[in-house]
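J.: With the first letter of the sequence shown counted as 1, position 161 gets the number 161 in full-length UniProt numbering; the numbers rise by one all the way through.
This is the structure I want to talk about, given as structure tokens.
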Amino acid sequence: MKTLADNYSDEKTIDLVAECFDYAVNFCKTDGDDFWNYLVISGIAKQLEDGNPKFVLGHSAVEIVNMVFDKVNIPSDNTDYVAFERSPEYWAGWALAQYQIKSEQSYKKLHSLIGFSELIGMYQTLHEAPIEKFFDKMDKRTANQQIGLKRQRERMGLSQSSLSRISGVSLKTIQAYEQGQKDLKRAKLETLNLFADILACEIEDLF
């Protein structure tokens, strides 16, 4: 059973994630899908889902976003942040954070299931609806989503050639994995870890 302190931390986390997306997209002019990628790759998303007080209580959205940018070697922008109304990006981050806490799935896992542009696409029909409507859609997506190397690569916007260049795995081998000509489950653990790191997903999401 959650304590009052846990509930307070959850509320702070939800607001912080929402403000991070709003600030990154609307004030720093960063593409939403790119920031979603950066948030997971940087490891900051893991700190937020764990409710790390250093991040949840100790930093503003501006500071968190700039930490994310620093982690992925993107110049930081210390633009002042004042949100006068809740943007679609704020709603998307708010809904995503609520679902993460409710489902207890990692942000890394959720990142493998849905892109930020897809979240924004839900705004028009769901932003005034009870949050349970969003939960239902995400539950169905979690249950039905077919995940594999190809989907993870495409979700990250990488071509087979790009993945080959970044990973050092030959293009021919990657094509064979995606076409089922080679069994990815028989790949070396080192290769699987490499793909998972590059594609910001769990190893099991590759199968």
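The C-beta atom is built at its ideal place from N, Cα and C for all residues, glycine as well.
(1) The alpha helix (DSSP H) that contains residue 173, what's its start and end?
(2) Within 8 Å, do at least three Cβ pairs link the segment 98-107 to the segment 44-64?
(3) Whose C-alpha, out of 191, 148, 82, 154, is nearest the C-alpha of residue 168?
(4) On the three-pair Cβ rule with 8 Å, is the segment 156-167 touching the segment 123-140?
(5) Once DSSP output is grouped into helix, strand and coil, what is the label at residue 203?
(6) For residue 97, which residues of its own chain have a beta-carbon under 7 Å away from its beta-carbon, when the five flanking residues on both sides are left out?
(7) Am I right that residue 62 and residue 81 are in contact with their C-beta atoms under 8 Å? What's the rounded C-beta distance?
(8) Would you identify the three-state DSSP class for residue 31, choosing helix, strand or coil?
T.: The relevant details are as follows:
(1) That run of the alpha helix (DSSP H) goes 171-178.
(2) Below 8 Å, enough C-beta pairs join the segment 44-64 and the segment 98-107 to call them touching: three or more.
(3) Closest option to residue 168, Cα to Cα, is 191.
(4) No contact exists between the segment 156-167 and the segment 123-140.
(5) Helix.
(6) Taken in chain order, the residues that qualify are 13, 14, 17, 18.
(7) Contact flag correct, Cβ pair sits at about 5 Å.
(8) Under the three-state reduction of DSSP output, residue 31 falls in the coil class, being neither helix nor strand.
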